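Since the structure comes first, as structure tokens, the remarks are kept for the end.
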Amino acid sequence: MLNPDTYDIAIIGGGINGTGIARDASGRGLKVYLCEKDDLASATSSASTKLIHGGLRYLEHYEFRLVREALIEREVLLRAAPHIIWPLRFVLPHVKGLRPAWMIRLGLFLYDHLGGREKLPGSEGIKLSSHPAGAPLVKGMDKAFVYSDCWVQDARLVVLNAMDARDRGADIETRTECVSAKREGDLWVVTLRDIDNGSEKTIKAKSLVNAAGPWCAELLESRVEAKKKQGIRMVQGSHIVVPKLFDHDYCYIFQNPDGRIVFAIPYEQDFTLIGTTDRDYKGDPAKVAISADETKYLCELSNTYFDKKITTDDVVWAYSGVRPLYGDGSEDASQVTRDYVLEIDRGNQSDDGAPLLNIYGGKITTYRKLAESAMSKLCPLLGRDDTRWTADKPLPGGDIPDADFERYLAATHKKFPWIPDAQIYRYVQNYGTLTDMIIGTAKDLKGLGKHFGDDVYECELRYLVDHEWARTADDILWRRSKLGLHLSDETRNAIVQWFKTEPTSKNTVKTGEGNSGK
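If you read the sequence shown in UniProt numbering, its first letter stands for residue 1, the second for the next number, and so on.
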């Protein structure tokens, strides 16, 4: 029988890969521990283009397995979390001198048929002169292609996986750093430091997972006993957000003469999200930031396609992340594979040391399959059957009948008619069926607690602290939501002040109440 401080699996890293593995493992009955040195999704996992997509451009690099797996996962995830993932139609204008029309048609034919598409509509050709998507574009482009992919609230996807893992028995600690990890006999001894107060403790685990993202190589170099010191290719991707450039729900995928593609996506009702860039990064991942050249590049590409011109002064928010890709020698950063690589390390002394699983690469769309693959490697070493279970289980808040978001939204609005339309829409879109937990027994707006301004009430903040590991205003404004784009300075400051006076110990995080999708 395990000691209280002995786990089957200890996971370092609270991004999408780490939390996905924690969820999968805990659902199999394994005792799981996960530590994250900052907030959940505080690095790469919240700096994506926010798409659940097959990766149309990966077909050019013959990555058919990756594309097929990602296409299948689109609909698996759409069913699992219909509140934070929803379908979008993408418009790809044809530009003479770039990819020929026949190549695009062939790529879209494969895209439509590789992944067993069920819910999402297929691709089609359109005339921009008679289609709503043509109106915002510069004159001279007549032909385009339309296809389907999905949008995701990326940071919330990470949090929901962590919540489900916790509700199934995992111990999740944020603001907790791995100081060292060493093998003792057939166990890992992991020393952990509380970032807030500096206190240290140790835990023991039968296996260790390095899901530290852009820090995975540094972890192997200086903190974790490992046989192989694998380097990674760090690729920076940056995005800008500007006031909306068009008044419809279509997204755009634009080609560039350098071979790269850039998305322009309707974002948070009032904005357009433009990105991403691809360039090698050599610095500290914690200090990555969009460069002036990247901002200029994205603005110029936008101006090539849209009638409405933008400058760097129009950028209301920008973010940048580092993708930790398995180094394969590719010269162009945009051509490095986004596929994941999983490697087991059994130590220097023998081939039967406590296993270390290192995670390299991956994309947010295929995180669930990555977790299954990780468990397929670990289960035999832990004496467990490899029984997969996550494909048909909803994430917390995602147990919406028939995955019909609009119908559930209407029912929730009818249930709480005293909540303004925009506020109830935001609740349901962020929290799904967990909305009832936030509103509780309130019968009117006063019952939601202190009003901070705009549509933010104390009941929501308290829920995020108690159930979703929120410890600072930024955790809520930029990761649990994107309220940071919408709130007045007064409301933001009121939330900051609330966190200075309210208890937010990591030990207060509570298990969900029947909404884990079990």
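Quick reminder that beta carbons are idealized off the backbone N, C-alpha and C, glycines included. Just so you know, these numbers come straight off a predicted model, no measurement behind them.
Going straight from the alpha carbon of PRO82 to that of PRO396, what length do you get?
-> Working through the sequence shown from its first residue, we reach residue 82 at position 82. Working through the sequence shown from its first residue, we reach residue 396 at position 396. Answer to the nearest angstrom: the Cα atoms are 11 Å apart.
GLY517, DSSP secondary structure in three states | Taking the first residue of the sequence shown as position 1, residue 517 is located at position 517. With a pLDDT of 47 at GLY517, under the threshold of 50, the modelled position of that residue is not reliable, and the figure given next carries that caveat. Of the three classes helix, strand and coil, the one that applies to GLY517 here is coil, per DSSP.
Residues that DSSP places opposite THR202 in a beta bridge | Position 202 of the sequence shown, counted from the start, is the residue given in the question as residue 202. According to DSSP, THR202 bridges with THR191.
Can you round the beta-carbon distance between TRP86 and CYS150 to whole angstroms, since I take them to be within the 8 Å contact cut?
-> Stepping through the sequence shown from its first residue, residue 86 is reached at position 86. Stepping through the sequence shown from its first residue, residue 150 is reached at position 150. Right, the Cβ-Cβ distance comes to about 7 Å (below 8 Å), so this counts as a contact.
Helix, strand or coil at MET234 according to DSSP, with G and I counted as helix = For the purposes of this step, residue 234 is identified with residue 234 of the sequence shown, where counting begins at 1. The answer is strand: DSSP assigns MET234 an E or B state.
Between which two residues does the alpha helix (DSSP H) carrying THR412 extend?
-> In the sequence shown, counting from the first residue as 1, residue 412 sits at position 412. 405-415 is the span of the alpha helix (DSSP H), which, as asked, contains THR412.
For ASN493, does the three-state DSSP call read helix, strand or coil?
-> Reading the sequence shown from its first residue, position 493 is the one you call residue 493. Correct three-state label for ASN493: helix.
Length of the line joining the Cα atoms of LEU59 and LYS363 = Taking the first residue of the sequence shown as position 1, residue 59 is located at position 59. Taking the first residue of the sequence shown as position 1, residue 363 is located at position 363. Roughly 15 Å between the two C-alpha positions.
Contacting residues, own chain, Cβ-Cβ under 8 Å from TRP469 (five flanking each side not counted) = The sequence position of residue 469 within the sequence shown is 469, counting from 1. Excluding residues within five positions, the ones whose Cβ falls inside 8 Å are ASP39, LEU40, VAL159, ALA162, ILE172, THR174, ASP475, LYS506 and VAL509.
Segment limits, alpha helix (DSSP H) that includes GLY432 = Here residue 432 corresponds to residue number 432 of the sequence shown, with the count starting at 1. Where GLY432 is concerned, there is no enclosing alpha helix (DSSP H), given that its DSSP letter is neither H nor E.
Quick one: residues in its chain with C-beta nearer than 8 Å to the C-beta of LEU192, no 5 flanking neighbours on either side, listed in chain order?
-> Here residue 192 corresponds to residue number 192 of the sequence shown, with the count starting at 1. Correct list, in chain order: CYS35, GLU173, THR176, GLU177, CYS178, VAL179, GLU200, LYS201, THR202 and ILE203.
Would you list, in sequence order, the uninterrupted beta strand (DSSP E) runs of no fewer than 3 residues that lie entirely inside the region 126-189?
-> 143-152, 171-173 and 176-184
In the structure shown, what three-state DSSP assignment does GLU343 receive?
-> For the purposes of this step, residue 343 is taken as the residue at position 343 of the sequence shown. Strand at GLU343.
For ALA318, which residues does DSSP report across the bridge?
-> Counted from its first residue, the sequence shown places residue 318 at position 318. Beta-bridge pairing links ALA318 to ILE240.
Pair within 8 Å by beta-carbon distance, LEU106 and ALA144 = Within the sequence shown, the letter at position 106 stands for residue 106. Within the sequence shown, the letter at position 144 stands for residue 144. No, the pair does not count as a contact, with Cβ atoms beyond the cut-off.
Could you name the residues of the same chain whose beta carbon sits closer than 8 Å to that of ASP455, not counting the 5 residues immediately before and after it, in chain order?
-> Mapped onto the sequence shown, residue 455 falls at position 455. Within the same chain, ASP455 has close Cβ partners PRO420, ALA422, GLN423 and ARG426.
Which of helix, strand or coil does DSSP assign to TRP469?
-> By one-based count along the sequence shown, residue 469 stands at place 469. DSSP places TRP469 in coil when its eight states are reduced to three.
Would you call the region 400-407 and the region 376-388 touching, i.e. three or more CB-CB distances under 8 Å?
-> no
Report buried or exposed for VAL67, applying the criterion of at least 16 other Cβ atoms within 10 angstroms of its Cβ.
-> Reading the sequence shown from its first residue, position 67 is the one you call residue 67. That one is buried.
Below 6 Å CB to CB, which residues in the same chain sit around GLY115 once its five sequence neighbours on both sides are set aside?
-> The residue given as residue 115 occupies position 115 in the sequence shown. For GLY115, where only same-chain residues beyond five positions count, the Cβ hits under 6 Å are ARG68, LEU71 and ILE72.
So, is PRO394 buried or exposed, given that buried needs 16 or more other C-beta atoms within 10 angstroms?
-> On the sequence shown, residue 394 is found 394 positions in, with the first residue counted as 1. Per the 10 Å Cβ criterion, buried.
Do CYS251 and ILE274 have their CB atoms nearer than 8 Å?
-> Here residue 251 refers to the residue found at position 251 when the sequence shown is read from its first residue. Here residue 274 refers to the residue found at position 274 when the sequence shown is read from its first residue. In this structure, ILE274 does not lie closer than 8 Å to CYS251 by Cβ.
Looking at VAL146 and ARG99, is the spacing between their C-beta atoms short of 8 Å?
-> By one-based count along the sequence shown, residue 99 stands at place 99. By one-based count along the sequence shown, residue 146 stands at place 146. No, Cβ-Cβ distance for ARG99 and VAL146 is not below 8 Å.
For the putative contact between GLY231 and ALA217, defined by C-beta atoms under 8 Å, what is the C-beta separation to the nearest angstrom?
-> In the sequence shown, counting from the first residue as 1, residue 231 sits at position 231. In the sequence shown, counting from the first residue as 1, residue 217 sits at position 217. Yes, GLY231 and ALA217 are in contact; Cβ-Cβ is about 6 Å, under 8 Å.
What are the start and end residues of the beta strand (DSSP E) that includes ARG384?
-> Taking the first residue of the sequence shown as 1, we reach residue 384 at position 384. No beta strand (DSSP E) holds ARG384; DSSP gives it neither H nor E.
Per-residue DSSP class, three states only, for ASN197 | Residue 197 sits at position 197 when you count from the first residue of the sequence shown. Coil.
Determine contact between the region 290-299 and the region 275-282, defined as no fewer than three beta-carbon pairs at a distance below 8 Å.
-> yes
Cβ neighbours of VAL428 in the same chain (closer than 7 Å, five flanking residues each side left out) | For this step, residue 428 is matched to residue 428 along the sequence shown. Contacts found: HIS83, TYR408, LEU409, THR412 and THR435.
So what does ILE419 bridge to, in DSSP terms?
-> Within the sequence shown, the letter at position 419 stands for residue 419. The partner list for ILE419 (beta bridge, DSSP) is empty, contrary to what the question assumes.
In whole angstroms, what separates the C-alpha of THR472 from that of ALA25?
-> Start at 1 with the first residue of the sequence shown, and residue 472 comes out as number 472. Start at 1 with the first residue of the sequence shown, and residue 25 comes out as number 25. If I take the Cα positions, the gap works out to 29 Å.
Taking the C-alpha atoms as reference points, what is the distance between ALA289 and HIS94?
-> Here residue 289 refers to the residue found at position 289 when the sequence shown is read from its first residue. Here residue 94 refers to the residue found at position 94 when the sequence shown is read from its first residue. So the alpha carbons of these two residues sit roughly 32 Å apart.
Starting from ASP280, follow its DSSP beta bridges and name the residues at the other end.
-> The residue labelled residue 280 in the question sits at position 280 within the sequence shown. Paired residue(s): VAL235.
Meets three-Cβ-pair contact criterion under 8 Å: the region 182-192 and the region 45-60 | no
Per-residue DSSP class, three states only, for THR272 | Position 272 of the sequence shown holds residue 272. In this structure, THR272 counts as strand in the three-state DSSP scheme.
Kindly indicate which residue of THR6, ASP270 and THR19 has the alpha-carbon position closest to the one of LYS482.
-> As a working mapping, residue 482 is identified with position 482 in the sequence shown. It is ASP270 whose Cα lies nearest to the Cα of LYS482.
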